[in-house]
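Reviewing the structure listed below.
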Amino acid sequence: MFAKTRPVLTQLSNASSQQAVRSLATIAPEAAAAPPPRVHGGLKDTDRIFTNLYGRHDHRLTSAMKRGDWYKTKEILLKGDTWIINEVKASGLRGRGGAGFPSGLKWSFMNKPGGPDGRPRYLVINADEGEPGTCKDREILRKEPHKLVEGCLLAGRAMNANAAYIYVRGEFYNEASNLQEAITEAYKAGLIGKNACGSGYDFDVYVHRGAGAYICGEETALIESLEGKQGKPRLKPPFPADVGVFGCPTTVANVETVAVAPTILRRGGSWFAGFGRKRNEGTKLYCISGHVNNPCVVEEEMSIPLKELIDKHAGGIRGGWDNLLGIIPGGSSVPILPRKTAETVLMDFDALKDVQSGLGTAGIFVMDKSTDVVKMISRLSAFYQHESCGQCTPCREGTGWMASMMKRFEEGNGRIEEIDMIEEISRQIEGHTICALGDAAAWPVQGLIRQFRPELEARMKDYAAKHGTVKRIAGTSVRPGSQPQLGH
Numbered sequence: 016m017f018a019k020t021r022p023v024l025t026q027l028s029n030a031s032s033q034q035a036v037r038s039l040a041t042i043a044p045e046a047a048a049a050p051p052p053r054v055h056g057g058l059k060d061t062d063r064i065f066t067n068l069y070g071r072h073d074h075r076l077t078s079a080m081k082r083g084d085w086y087k088t089k090e091i092l093l094k095g096d097t098w099i100i101n102e103v104k105a106s107g108l109r110g111r112g113g114a115g116f117p118s119g120l121k122w123s124f125m126n127k128p129g130g131p132d133g134r135p136r137y138l139v140i141n142a143d144e145g146e147p148g149t150c151k152d153r154e155i156l157r158k159e160p161h162k163l164v165e166g167c168l169l170a171g172r173a174m175n176a177n178a179a180y181i182y183v184r185g186e187f188y189n190e191a192s193n194l195q196e197a198i199t200e201a202y203k204a205g206l207i208g209k210n211a212c213g214s215g216y217d218f219d220v221y222v223h224r225g226a227g228a229y230i231c232g233e234e235t236a237l238i239e240s241l242e243g244k245q246g247k248p249r250l251k252p253p254f255p256a257d258v259g260v261f262g263c264p265t266t267v268a269n270v271e272t273v274a275v276a277p278t279i280l281r282r283g284g285s286w287f288a289g290f291g292r293k294r295n296e297g298t299k300l301y302c303i304s305g306h307v308n309n310p311c312v313v314e315e316e317m318s319i320p321l322k323e324l325i326d327k328h329a330g331g332i333r334g335g336w337d338n339l340l341g342i343i344p345g346g347s348s349v350p351i352l353p354r355k356t357a358e359t360v361l362m363d364f365d366a367l368k369d370v371q372s373g374l375g376t377a378g379i380f381v382m383d384k385s386t387d388v389v390k391m392i393s394r395l396s397a398f399y400q401h402e403s404c405g406q407c408t409p410c411r412e413g414t415g416w417m418a419s420m421m422k423r424f425e426e427g428n429g430r431i432e433e434i435d436m437i438e439e440i441s442r443q444i445e446g447h448t449i450c451a452l453g454d455a456a457a458w459p460v461q462g463l464i465r466q467f468r469p470e471l472e473a474r475m476k477d478y479a480a481k482h483g484t485v486k487r488i489a490g491t492s493v494r495p496g497s498q499p500q501l502g503h
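So, in structure tokens, the structure goes:
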């Protein structure tokens, strides 16, 4: 026992002596220099996955193959489903449609031997890009369709799927045409269909066009629409990986998520994981619109500072950063950020979550000080009211209440207490619906109140000073000395 403790006591004694010597020294020892934090951004052209994002080259097969598409696809297929999934897991790829679910894990849900029921398996691609401010998938369909078709083949192999259905937004006529042309070319070249790429794997790809319903961007509503029914989200469980389209195992994936897969598998998961911060790996397509000098869609490294992204690729804010009012960083469904936060935040899942917003689809709305921010959020509230499928009471009724109140708030027609009232309505919608459309409707209003409440209050005070005390409150008319009258 003592033989075991003696070395420890000796070490403690030596450590104490060394500490005493250091405390008596006139010059303190130099602290170990911490490595400087890595700055993300500045993606090189050689590391870009989407090399035809601006349409400088033809979208057809011959040009696509010159840019590296369909290179060694047969070799990747022959490596098998487990290898593909392990590489995707190693890459750290997360869903690019908004939810950010780990793609390798999602693909593995169907990576099992066929069950005794013999049901076919399907991959469904969500190309129903209806989120305001988002146009990244549109650019892929227009100019890089072969990346998506090849990605479908490789993702389908990972899941042992029999076919892929690409559900394209109804308004995307030209995009659907380019995609169908790419699929036809791939069939003629033997790249998909029977014995795809000579690998012995049979895989078909079909295009299905939607009819413009935003709700069909939700995976189970999309499946319902694909089956010819009304696009209304399903209750889960069962999940699509068990009971999906036509009652068969199905994985629904975003266009960008699947389109990056071939390059990841060719260059290796570790290459892709070398970009961005931990848990936020890879490159990303960002859509920058609004009050910038050069609106654009650009591929950049994840975790790039938002300020650098806008300055480098969008030509900066119109009138400079001092003229910035706020930024919505991830499509219309995420909360707005004020200038102070926007100047320092990183563009990735975790950094934006930490500032009570989200990466979403990476559709960036930039608003300068000429923007009426209340009217902006009011228009979003009207959009979500219009696009609600009406299946869930909190969303069906709550989006209407919020849209009505926000319309009044545009001119200041409301009481200060109603700000808390509309926030409470948003909280009753959030998390109480079958799908996330309720959350998407609630978050912009919550962000407005959190960041711009003084603007709302000042507008209401000005209105009251000009128009007296007559107000309309959530469907009731209120006048001094009278009782609320419903239905007026």
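Each residue of the sequence shown is one higher than the last, beginning at 16 in my numbering. The beta carbon of each residue, even a glycine, is placed where N, CA and C say it ideally should be.
Straight-line measurement puts the Cα of Q466 at about 19 Å from the Cα of E445. About 6 Å separates the beta carbons of I440 and M417, which is inside the 8 Å limit, making them a contact pair. Here V389 carries a helix assignment [DSSP, helix/strand/coil]. Per DSSP, the continuous beta strand (DSSP E) segment holding M382 begins and ends at 378-383. Cβ-Cβ separation between T66 and R82: approximately 5 Å, consistent with a contact (criterion under 8 Å).
Taking the CA atoms as reference points, L452 sits about 12 Å from G145. No beta strand (DSSP E) of 3 residues or more sits fully in the stretch 56-86.
Annotated three-state conformation of Y221 is strand, per DSSP.
Secondary structure at G341: strand, using DSSP grouped into helix, strand and coil. Between G378 and V349, the alpha-carbon positions lie close to 10 Å from each other. About 6 Å separates the Cβ atoms of A276 and A170, confirming a contact at the 8 Å cut-off. Note on Q245: under 16 other CB atoms within 10 angstroms of its CB, so exposed under the neighbour-count rule.
In the three-state scheme derived from DSSP, where H, G and I count as helix and E and B as strand, I332 is classed as strand.
Between C302 and C150, the gap from beta carbon to beta carbon is short of 7 Å. Excluding the 5 residues flanking it on each side, V381 has same chain C-beta neighbours closer than 6 Å at G305, H306, V307, I342, in chain order. Of the residues C231, P135, K87, P160, the one whose Cα lies closest to the Cα of H72 is P160. Less than 7 Å separates the beta-carbon of T266 from that of M125. Look at E439 here: in three-state DSSP terms it is helix. R474 has its alpha-carbon roughly 44 Å from the corresponding atom of R53. If the five residues before and after N210 are omitted, its C-beta is found closer than 7 Å to the C-beta atoms of D217, all from its own chain and listed in chain order. Between G375 and L108, the C-beta spacing is not below 7 Å. CA-CA distance, E165 to G56, rounds to 28 Å. Under the rule that a run must span 3 or more residues, the beta strand (DSSP E) segments found entirely inside the stretch 104-179 read 137-142. By the Cβ rule, the stretch 403-421 does not count as touching the stretch 325-333, because fewer than three pairs are nearer than 8 Å.
Rounded to whole angstroms, G243 and N141 show a C-alpha spacing of 16 Å.
Put simply, the stretch 176-188 touches the stretch 220-234. At least three CB pairs are less than 8 Å apart.
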